[in-house]
Structure formats: C-alpha cells, structure tokens
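A.B. asks:
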Amino acid sequence: MKTLRLHHYRGREAEERYNLATPRNLFVQRAPTISGGDPVAKMEEIRNYVHNTMELFEMVFDCLPYEESFLVPPIHKLRHPMIFYYGHTASFYINKLCAAGLTERINPNLENMCAVGVDEMSWDDLNEAHYSWPGVEAVCEYRRQVRDRIEQLMSSGKFPLEMPLTLANSTKNSANTFWWVMLMCAEHERIHFETVSVHVRELPLQYVSATMSDVWQRCPAVSTRAPINELVPIAGGEVQLGRTPDSRLYGWDCDYANGHNVVAVAPFKASKYLVSNAEFFAFMKADGYNVQRYWDEEGWKWVQWRKPKHPWFWVRDEARSSGFALRLQTELIDLPWDWPCELNNLEAHAFCSFKSEQLGRRVRMLTEEEWTLLFDRYIGKDQPEWGEHAPGNINLEHYQSSCPVNKFQHGDLYDVIGNVWQHCETLVYPYPGYRVHPLYDDFSLPTFDGQHACMKGGTWSSTGNEATRDARFAFRRHFFQYIGLRYVEGPEVCQPQSKRSGLGLDPEVDVITDTCFRDSFQGLPNGCAAIAEYARRMFVEHATVPPVRAMDIACGGGRVTFELTRTFEQVLGVDYTARRLMPAFAIRERGDCQYSVENSANGERTPRTVKSANFPWGPTRERATFFQADPTNLHTHLSNLSLVVCWNCLERSYRPSAVPAHLLSRIEKGGLLIIGGDYTWDNIKKNAEDADKQDNTYFTDPLITSKGDIQKEIFNLLGGSETVEQLGEVVSIPVAFPKTEDTADVRVMQLAAYRKR
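For the sequence shown, numbering that gives the first Met the number 0 assigns the number 0 to the initial residue and increments by one for each residue that follows.
Below, the structure is given as structure tokens:
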C-alpha cells in the first residue's frame, strides 16, 4: 500500500503563518461567546477558534498511513470513504461563503464532489461508481489553500462585526453573515471531528496505524467488574427547552426556541449509571438479539437484516478471558466491563424491554426534557462557566475514549454529560419559533420526519456547540455513533403527531409542492405539467438522440421530473437544497407525500396528500432519481443527457449567467435544452433583516443587469449558432405558485428550446 506523508499547517508553523494566539491546547478549547464584548477582540477570538478547529480536525487523519486508508469504502456502506470527509469540511467553508456571495471558488470540481454527504435515509446516493475521488495529497493541498483563503478573509478588515451576533441578525449585512458563516463552518467541522473518528474506528485495522497518531490517548482505567446499577428518584420540575434567541453561544437552527418554551417534567427514576458493557451482557446471555418480544417492529426488521450477535464495536475473540475485545480508533483492547455500552436506538429500546422484564416494572429511554432537567439540576453550568476543567468526560479534556461509568459523579448520578451520548425516546421536532437559516436551510428540517431520535449529553469527543446544554442532534434509529443508554422509570411517553412532523413548517416547500401537484388554480391548468408536455413534445419532434437520460433543474417537488419518466429511461431531478426535494423523495420511495395549504381567511393550514397512483406517471416514478446540487457546478456524473429542462432555476441562482453553458456542456450532441423563466430577479436577494442595508454586490451578473432581450443574452451565453440551434419560437407558459387556498402568484415562463450541434 502507498505510504502517505501529508503536510498540514500545525503547531509552530501554523502559529507563525497565521499569527495565532499562544500558548494553544487544541484539547482544551471553549466555544466563543457572541452575546457581547469588544467586536475587534471577538473577531480575533473567532479567527483563532476557526484555525484551531481546522488543525484539530486534521489530527484525526494522522493515523491513516496509506492512500488506501482514505479510499476503502466503509463496511456498512452507509457513508462515503474517508477521502470525502477529508475534503468535505474544507469545501464547506468555500461553498457557504460562495452561497453568501463573499468569495470565489478555489476548486469547483472538488467543491462539488465533497459538497453533500449522505444521511442514513433510504434515498441516499451511495453509488460509488458516481465518484472518481481525487488523490489524497491533492485534497491535502486543497485544505491548505482553503485555510489560507479564509485567513485572508478573516484578516482583511472587510467584515467589521456588529455585536451581539444572533441568529436573527446573522444575515443583516455581509459582515455579520461572514462571521456567522465562520462559526457555522467551525462547528460543522467539529461535528465531523466526532463522526470521522467513528469512521476511523470502523476501518479494518490494516488501514490504521497507532504509532502515527497522538490524538487517541485512551483512558487507562479498565476493569473486569462494573458497578451494579440502580434507579434513583428524581423530583419533577420545569425546564426551559431550547436556546433563547439571544443565546450567547452559536446554535444550529433546531437548537433555538422562542424563549417561552417551558415544559413541566413529572417525577421519574433514572439509572444511577449509564448501561455498562457488563450490564448489557446480561441481555446477550438471555439471547436478546433473537427474542422478538424485546424488539419493536422496526428493530426486529433491523435484526433480521443485519443479524447482529453483539454490539457494533465489540469483536469476538476467544483468546481473551471475556471472549470479546473492544475496537477503539487504532487498537483492540480487552472488553472493559465498566465502560458504557455503545448501542443504536433500536438496541437501546430492546434492552429496556429486557430490563423491564427483569425488574418487573417498565423502564425506557430518557426524554429530551428529562435529560434537560438532569442537566439543570446536577450540572447547572454551561460550557462558558466550566472553569479550568470540563465537569465530565467531554470536550476531549480528560480522555480520547470512553471511561468507567462510575468515574464522573454528578450529584446522585454519574455521566449526566459526557462519556457517551444518551439515547432519547423523543423524536426530534421543531421548537416553537423554529426557522431555517438561509445559508444552511437543510441542516435539520429533513430530520423532522418522525424517524430521527434525539440524543443528548455529548460524548468524550463532543466539542464546541456539541458540548453545550442545548445541543440537539438526531439520527435514524439503526445508526451507530458514540451513544449509550440511561434508562428511566417514568410516565408513558406519547409524543403528539404535531411534534413529529414538519407539516406547515416550511411554507416555501409547501408552495413549490402545491405548484407541482395542484390540478389547477381557478381554471388555470397546472403549469408544471404543461412545461413537461412542451419539453416532451419538442424532444420527440426535434431530438436526434434516444430518450435515455433527462434532467429537471430546480425541480422542487418533482412534477416535471416525474412526468418525464413516461418518456425517458432515467430522469434526474436536481435542486439547490434537500428540503425542497423532500416531497419528491417521499413520492419516489413511498408513492405519496403530504404538504399543507394556508386558508387565507383564518391562516390555518390544511393538510393535502399527493398520491402517485392518481397520475399517469405513477407506474414509472422509480425512474426518477433526486440530487442536491448547484446548477453552476454540477457533479460530473450528472452528464450524458438527452434533455435538460431549466424553467425555475435562473431566478434562484446567484450567478444565472453561468447556468446555460454549464447545462449545455452536460447534453449529448443532438439533445435538447429547454431553458427560460420569468426573469424576476427578486428571488435571489438574501433573506436580510434590513433590506435597506442590503449589500448589492450580488446584482452584477450580466443576466440580472441586462436591459435588452434576455433570450438573446441566453442564446449568446450558449455560444450562439455555432453550438446550438433554436427550435421554433419562444413559448409562454403560465405557472401558478399558490400562496393560500385561493391566492397565488402567477408567473409567466418564457421558454426556448435549443438543440445542441
């Protein structure tokens, strides 16, 4: 295997190159507060935090000595290989800054390839044939370029921060936007410090070298015995759920509540310790993985599919006294019986069923509010007030592994925070006052599907935002991370359907879905269906290539995409954000989706359902595939197209003049491009709090500033008559974008058809 010698800016070299504050300890860092203070000092604090974050993240990869270590697919096939994550966090900085109009691209191909990871959803794009990964040293060089670029921007003086910095004013002007993006990117990289360390742990040991890493200093304390768990009474009380709008710490959109989200928590009993490996072993001795009554329906299906015999990170080894080893990042050790057992949510639920049978009383996982009550009562202080040391095995400050469950005491309990995350019964939902952030509008919204369960408390590798009271993360129930279990005896949990759904939460998605699937609006036929029919007819009459692959750009709910499946073997639906694709994903996978429409009289929202069986394309809907992508920087596998339809894209792009030629380059000779719009450029404006202070640097694109014939401009951008032939006249197709049940914006799309020469 090819040995690597990667050059990262680190230590003294980084300190001198970037004039960083010293002394530094990357393993003891605290997230910057943003609620007050001197703006100049705060910008410098954030600048150092960003550099320290990038440096810490790169240390994860020190233990990967070979090119193959970065390229081998993960064993479970749910994630990309390590090379993706190596480039992903760096490209995230550039992609978000480009989305905000604050910088230019460095490497468009890599920034596209490493832009979108995979969630563990059923519509994952896990086809590795789509990816021709770059060399590891090339990505290393890219990381250095990105670090230099963001240093230049942070030190330029172009972005004078206004304090306080809040979610509400984070897009007020270019300066606040810039510093919010810097925090967003740093916290995103810290999330991936944790997730990538899990990926390292899952690599075959032949691809990992313990001698190359100084990150993974595990806890030396192990034992063949574990403390006996017991239930501790916890008095009820009230808790404030969520980060307040004026939070002193950066938060993700799902962290925030409106400030009045006070919840009453009934008395309950909580296990004194997290469930240890020894305590879980009793479940295994009872053959728990093969006892169906312990598992709910989803869990039993997972057992039948995966056929687990023991927890994911346990390794069967008869040569050891316990019969098991525990896989850490770079080594196997004797299974420490007193460390917390790492489980997925399905296993945690099954263990609770088993434990209930043992105890003769029902126990379950914590709820989100019960954990918050434990934090307020036994921890009390959030990260800025921790003092010299973190109050638990968290933030990398004590160990770079789990530790015994009786190591860190918090009042009557142990490990209220840290060691491993704690599974919750609560399915993640939007707090009152929830709003997406325009620069990361699909961070949490896709998880409000009733299938993503919360986890609370953080783990040893949780840093920054993750290591705070209001950090809020959720995974699908079969997913593995550093997550364990504290069981409780308490009231039955019945989470209302309203808390498990994003229905009505995103009016923009509701509008585009209604636009796609409402039969007609006050006598006006569905415009999406009309556009698809025009595209299909022009293709049949004029194309000189077979109907193999088509693409619908800015497809939203996917009506045009689905209509084209009746003619083409494969149709690719592409949109800027995953949240706009959620209805299309659901229709393709399940055959239906639900959205809501506002009643203009009372403001209430009425659910509506789209059923594919009611449409002619229902039987062919699985020919559609959906991707999140930038229409000015498409992934290379989105090519060799017979037809591209671009009808609702230009007005949403920050660089519309770059779209036509880029799309044409993906079309086969003899294929067709249907392109146009209503050329109302208001839609590209930032979601600014103060429109009067809007930075107008976006509005220099030739299409936006054009005073002449825009269709002629597009023709010229395509390369003129040497590259395309215009087919017939421009057509006008009205499309109703309903705002309520009986009001709509009717936009007239001017579409032209071109055949590629």
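All C-beta atoms, glycine included, are put in the ideal place defined by N, C-alpha and C. Remember, predicted model here, so these are calculated numbers, not experimental data.
Report all residues from its chain with a CB closer than 8 Å to the CB of W122; omit the five preceding and five following residues, and keep chain order.
C.D. replies: Mapped onto the sequence shown, residue 122 falls at position 123. Reliability fails at W122, whose pLDDT of 32 lies under 50, so the model's placement of it is uncertain and no value is given.
A.B. asks: When burial is assigned at 16 or more other CB atoms within 10 Å of the CB, is I149 buried or exposed?
C.D. replies: Walking along the sequence shown from the start, residue 149 turns up at place 150. Label assigned to I149: buried.
A.B. asks: Under a three-way DSSP split, which group does E603 fall into?
C.D. replies: The sequence position of residue 603 within the sequence shown is 604, counting from 1. The answer is coil: DSSP assigns E603 none of H, G, I, E or B.
A.B. asks: Nearest by alpha-carbon distance to L759: which of E201, P64, K95 is it?
C.D. replies: Residue 759 is absent from the model: the chain starts at 0 and stops at 756.
A.B. asks: Roughly how many angstroms lie between the CA atoms of R23 and V145, to the nearest whole one?
C.D. replies: Stepping through the sequence shown from its first residue, residue 23 is reached at position 24. Stepping through the sequence shown from its first residue, residue 145 is reached at position 146. Each residue's alpha carbon lies about 22 Å from the other.
A.B. asks: Starting from Q421, follow its DSSP beta bridges and name the residues at the other end.
C.D. replies: Here residue 421 refers to the residue found at position 422 of the sequence shown. Its beta-bridge partners are K455, G483.
A.B. asks: L240 to V362, Cα distance in whole Å?
C.D. replies: By one-based count along the sequence shown, residue 240 stands at place 241. By one-based count along the sequence shown, residue 362 stands at place 363. For L240 and V362, the distance between alpha carbons rounds to 23 Å.
A.B. asks: Between R242 and Y255, how many whole angstroms is the CB-CB distance? I'm expecting something under 8 Å.
C.D. replies: Residue 242 sits at position 243 when you count from the first residue of the sequence shown. Residue 255 sits at position 256 when you count from the first residue of the sequence shown. So it is a contact: roughly 5 Å between Cβ atoms.
A.B. asks: Put F158 into one of helix, strand or coil per three-state DSSP.
C.D. replies: The sequence position of residue 158 within the sequence shown is 159, counting from 1. DSSP places F158 in coil when its eight states are reduced to three.
A.B. asks: By the three-class DSSP mapping on this structure, what secondary structure does L358 have?
C.D. replies: Residue mapping note: residue 358 aligns to position 359 of the sequence shown, counting from 1. Helix, per DSSP.
A.B. asks: Over what stretch of residues does the beta strand (DSSP E) that includes Y753 continue unbroken?
C.D. replies: Here residue 753 refers to the residue found at position 754 of the sequence shown. 743 to 755 is the span of the beta strand (DSSP E), which, as asked, contains Y753.
A.B. asks: If the criterion is Cβ atoms closer than 8 Å, does the pair F350 and F279 meet it?
C.D. replies: Your numbering for residue 350 matches position 351 in the sequence shown. Your numbering for residue 279 matches position 280 in the sequence shown. Going by C-beta atoms, F350 is nearer than 8 Å to F279.
A.B. asks: Does the stretch 183 to 198 come within contact of the stretch 52 to 59, defined as at least 3 CB pairs closer than 8 Å?
C.D. replies: With a cut-off of 8 Å, the stretch 52 to 59 and the stretch 183 to 198 count as touching, because enough Cβ pairs lie within range.
A.B. asks: For H7, which residues in the same chain have their Cβ closer than 6 Å to its Cβ, ignoring the five residues on either side in sequence?
C.D. replies: As a working note, residue 7 is residue 8 in the sequence shown. Here the set comprises E57.
A.B. asks: Can you say whether N289 is buried or exposed, counting buried as having 16 or more other CB atoms within 10 angstroms of its CB?
C.D. replies: One-based indexing of the sequence shown puts residue 289 at position 290. Exposed, since its Cβ has fewer than 16 Cβ neighbours within 10 Å.
A.B. asks: Which one or two residues does DSSP pair with R548 in a beta bridge?
C.D. replies: Counting from 1 along the sequence shown, the entry for residue 548 is found at position 549. DSSP output for R548 lists Q569 as bridge partner(s).
A.B. asks: By how many angstroms is the C-alpha of S595 removed from the C-alpha of S131?
C.D. replies: Residue numbering aside, residue 131 sits at position 132 when the sequence shown is read from its first letter. Residue numbering aside, residue 595 sits at position 596 when the sequence shown is read from its first letter. Cα to Cα, S131 sits roughly 41 Å from S595.
A.B. asks: Suppose the cutoff is 8 Å on Cβ atoms and the five residues either side in sequence are ignored; what does the same chain contact list for A265 look like?
C.D. replies: The residue labelled residue 265 in the question sits at position 266 within the sequence shown. Once the five neighbours on either side are set aside, the close Cβ partners of A265 are G235, G489, P490.
A.B. asks: Out of curiosity, what's the CA-to-CA distance linking L19 and N47?
C.D. replies: Taking the first residue of the sequence shown as 1, we reach residue 19 at position 20. Taking the first residue of the sequence shown as 1, we reach residue 47 at position 48. One C-alpha to the other measures close to 6 Å.
A.B. asks: Please list, in chain order, all residues of the same chain as K1 whose beta carbon is under 8 Å from its beta carbon, the five residues on each side excluded.
C.D. replies: If you number the sequence shown from 1, residue 1 lands on position 2. Around K1: Y65, E66, E67.
A.B. asks: What first and last residue would you give for the alpha helix (DSSP H) that runs through C139?
C.D. replies: Looking up residue 139 in the sequence shown gives position 140. Element bounds for C139: 135 to 153.
A.B. asks: Would you please state the rounded distance, in angstroms, between the beta carbons of Y398 and C218? I believe it to be under 8 Å.
C.D. replies: In the sequence shown, counting from the first residue as 1, residue 398 sits at position 399. In the sequence shown, counting from the first residue as 1, residue 218 sits at position 219. Indeed they touch by this definition, with Cβ atoms about 4 Å apart.
A.B. asks: Going by the beta-carbon positions, is the gap between N392 and A30 smaller than 8 Å?
C.D. replies: Taking the sequence shown and counting its residues from 1, the one referred to as residue 392 is at position 393. Taking the sequence shown and counting its residues from 1, the one referred to as residue 30 is at position 31. Their beta carbons are not under 8 Å apart, which means N392 does not touch A30 by this criterion.
A.B. asks: Excluding the five sequence neighbours on either side, which residues of its own chain have a C-beta within less than 8 Å of the C-beta of W161, listed in chain order?
C.D. replies: For the purposes of this step, residue 161 is taken as the residue at position 162 of the sequence shown. The sequence given here has Glu at residue 161, not Trp. The answer, listed in chain order, is P38, N168, K171, N172, A174, N175.
A.B. asks: Verify the CB distance criterion: does Q144 have a CB-CB separation below 8 Å to chain C?
C.D. replies: In the structure shown, chain C cannot be found, because there is only a single protein chain.
A.B. asks: Buried or exposed: which applies to H87, given that a residue is buried once 16 or more other Cβ atoms fall within 10 Å of its Cβ?
C.D. replies: Here the question's residue 87 lines up with position 88 in the sequence shown. The residue in question, H87, is buried, as its Cβ has 16 or more Cβ neighbours within 10 Å.
A.B. asks: If you follow the beta strand (DSSP E) that E237 is in, where does it begin and where does it stop?
C.D. replies: In the sequence shown, counting from the first residue as 1, residue 237 sits at position 238. Residues 236 to 239.
A.B. asks: Quick check on the burial criterion: 16 or more other C-beta atoms within 10 angstroms. Buried or exposed for E562?
C.D. replies: On the sequence shown, position 563 is the one that residue 562 refers to. Result: buried.
A.B. asks: What does the alpha-carbon distance come out to for the pair P310 and W420?
C.D. replies: As a working mapping, residue 310 is identified with position 311 in the sequence shown. As a working mapping, residue 420 is identified with position 421 in the sequence shown. If you take the alpha carbons of P310 and W420, they lie about 16 Å apart.
A.B. asks: Rounded C-beta distance between N632 and P107? I'm assuming under 8 Å.
C.D. replies: Here the question's residue 632 lines up with position 633 in the sequence shown. Here the question's residue 107 lines up with position 108 in the sequence shown. Right, the Cβ-Cβ distance comes to about 5 Å (below 8 Å), so this counts as a contact.
A.B. asks: Using a 10 Å radius around the Cβ and a threshold of 16 neighbouring Cβ atoms, would you call C493 buried or exposed?
C.D. replies: By one-based count along the sequence shown, residue 493 stands at place 494. Exposed, by the Cβ-count rule.
A.B. asks: Using DSSP with H/G/I as helix, E/B as strand and the rest coil, what is S208?
C.D. replies: Numbered from 1 along the sequence shown, position 209 holds the residue referred to as residue 208. Coil.
A.B. asks: Would you mind sorting G35 into buried or exposed? The rule is 16 or more other CB atoms within 10 Å of its CB.
C.D. replies: What you label residue 35 is simply residue 36 of the sequence shown in a count that begins at 1. Exposed, because fewer than 16 other Cβ atoms sit within 10 Å of the Cβ of G35.
A.B. asks: If we ignore side chains and look at the alpha-carbon of each, how far apart do L580 and T635 end up?
C.D. replies: What you label residue 580 is simply residue 581 of the sequence shown in a count that begins at 1. What you label residue 635 is simply residue 636 of the sequence shown in a count that begins at 1. In a straight line, the C-alpha of L580 is about 20 Å away from that of T635.
A.B. asks: Just checking my contact of A628 with T564 at CB under 8 Å: how many whole Å lie between their CB atoms?
C.D. replies: The sequence position of residue 628 within the sequence shown is 629, counting from 1. The sequence position of residue 564 within the sequence shown is 565, counting from 1. That pair is no contact at about 19 Å.
A.B. asks: Pull up the DSSP beta-bridge partners for R326, would you.
C.D. replies: Taking the first residue of the sequence shown as 1, we reach residue 326 at position 327. The partner list for R326 (beta bridge, DSSP) reads L331.
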